[in-house]
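Each residue of the sequence shown is one higher than the one before, counting from 1 in our numbering. Working notes, structure below.
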Amino acid sequence: MRITVFGAGSLGSFIGGILSIKHHVGIIGRHSHINAIKQKGLRITGKTNLVAYPKTSLLDCQNPELLILTVKAYDTKKALLDAYPLLGPDTSVLSLQNGFLNEKIIGDMIGSRKVIGGTTSHGVTLIRPGEINHTGLGDTVIGEMDGRITPRIKSISSVFDEVGIQTRISRNITKELYIKTIVNAGINPVTALFHCKNGALLTNPFLAQVLELTCKEAVDIINSSGIILPSDIIKTVKKIAQCTSDNYSSMVQSIQRHKKTEIDQINGEIVALAEKLGRPAPLNKMLVLLVKALEYENAAVA
Numbered sequence: 001m002r003i004t005v006f007g008a009g010s011l012g013s014f015i016g017g018i019l020s021i022k023h024h025v026g027i028i029g030r031h032s033h034i035n036a037i038k039q040k041g042l043r044i045t046g047k048t049n050l051v052a053y054p055k056t057s058l059l060d061c062q063n064p065e066l067l068i069l070t071v072k073a074y075d076t077k078k079a080l081l082d083a084y085p086l087l088g089p090d091t092s093v094l095s096l097q098n099g100f101l102n103e104k105i106i107g108d109m110i111g112s113r114k115v116i117g118g119t120t121s122h123g124v125t126l127i128r129p130g131e132i133n134h135t136g137l138g139d140t141v142i143g144e145m146d147g148r149i150t151p152r153i154k155s156i157s158s159v160f161d162e163v164g165i166q167t168r169i170s171r172n173i174t175k176e177l178y179i180k181t182i183v184n185a186g187i188n189p190v191t192a193l194f195h196c197k198n199g200a201l202l203t204n205p206f207l208a209q210v211l212e213l214t215c216k217e218a219v220d221i222i223n224s225s226g227i228i229l230p231s232d233i234i235k236t237v238k239k240i241a242q243c244t245s246d247n248y249s250s251m252v253q254s255i256q257r258h259k260k261t262e263i264d265q266i267n268g269e270i271v272a273l274a275e276k277l278g279r280p281a282p283l284n285k286m287l288v289l290l291v292k293a294l295e296y297e298n299a300a301v302a
């Protein structure tokens, strides 16, 4: 399959690098990172150990069968505008991003039938340009937005599976996106505030309580919207924290690099949903404010 990964940071590089073992994969990302890959290949260490050689020229990224979008959620619209000249008439777009509104944004821009929803919980950290560390194994789920099991979705799942990215097809990918948002809402802001790895949310009993209470509040809000989440979702969040215990969440990495975080697209969307429903969301709102305070301090120091 001809694939382009747009926004190849840590996660996008991992997905693109693994897929390039058996497929024609072009990646687009920051110049320093792409240039390092062009010169020496992409080195993946940790749970996966290999050097991959995805394509790095724009020519190799044109007219893909599948465009995988892995940019930060606040850049979805801009990224798709930038990627638009690369798309062919039959290109499908798979979002593997945080948040639950990306697929709607993409669908509004290029048509809902071209959009595939997806989530993945693999833990990946950028070590330096051209090198990433696969810190934790995770689940990958994809699905058509209307719930159909199509030849397209089966083909993409098979492509992922055959290179070792075990992938499940969901008939309700919207629910999966909400579940992933709950996971991120519990893990990302707390680890960002304490500059800790995901595993600290299980070993520190006080952070564990913050994780549980934040997730419970988010679950109650989403359930109230009519999307009923699994009753054991808190266990799911803890399982993912355990499987990625050595990983610094993407929000930690953003704070450490004095970059903008996705707090508005994760906990912020939960708060926005709560306000729409006329419900309070004090814990998630507090986390939004605290992470924004960190961003403010980073900007003041920079």
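For every residue, glycine included, the Cβ atom is placed at its ideal position computed from N, Cα and C.
- Counted as a single uninterrupted DSSP element, the beta strand (DSSP E) harbouring E144 occupies residues 140-144.
- In terms of Cα proximity to R257, the closest of H23, L213, A192 is A192.
- For D161, the CB contacts under 6 Å within the same chain, skipping 5 residues up- and downstream, are T167 in chain order.
- Annotation: the continuous beta strand (DSSP E) that includes N133 extends over 131-136.
- When secondary structure is reduced to three states using DSSP, R30 falls in the coil class, being assigned neither helix nor strand.
- Note on the region 193-230: there is no whole beta strand (DSSP E) run with a minimum of 3 residues.
- Under the three-state reduction of DSSP, R113 is assigned to helix.
- The shortest C-alpha to C-alpha distance from I169 to any of H134, V51, G118 is the one to G118.
- DSSP lists L69 as the beta-bridge partner residues of S95.
- The beta carbons of L19 and V163 sit closer together than 7 Å.
- Cβ atoms of G138 and I153 stay farther apart than 8 Å, at about 19 Å.
- Counting along the chain, G16 sits inside the alpha helix (DSSP H) bounded by residues 10-19.
- Per the C-alpha coordinates, the member of I105, E131, V71 positioned closest to S32 is E131.
- Within the same chain, and ignoring the five residues on either side of D246 in sequence, the residues whose Cβ sits closer than 7 Å to its Cβ are T135, G136, K197, G199.
- Using a Cβ distance threshold of 7 Å, I228 and L273 do not count as a contacting pair.
- For P129 and I34, the gap between their C-alpha atoms comes out near 8 Å.
- Pairing I15 with L202, the inter-Cα distance amounts to about 27 Å.
- In terms of CA proximity to L177, M145 leads the group M145, Y84, A208, G268.
- When DSSP states are grouped into helix, strand and coil, K259 belongs to the coil group.
- If you draw a straight line from the Cα of D264 to the Cα of I255, it comes to about 14 Å.
- Here the region 36-46 does not lie against the region 66-74, with fewer than 3 beta-carbon pairs under 8 Å apart.
- DSSP places V163 outside both helix and strand once states are collapsed to three, so it counts as coil.
- Ranking I234, V190, S224 by CA distance to the CA of M286 puts V190 first.
- Minimum Cα-Cα distance from G88 among the listed residues K104, T120, T76, D60 corresponds to D60.
- The distance from the Cβ of N188 to that of M251 is about 4 Å, consistent with a contact at the 8 Å cut-off.
- Looking only at K276, P64, S112, R171, the smallest Cα-Cα distance to D90 is reached by P64.
- Ranked by Cα distance from N49, the first of Q97, I21, T261 is I21.
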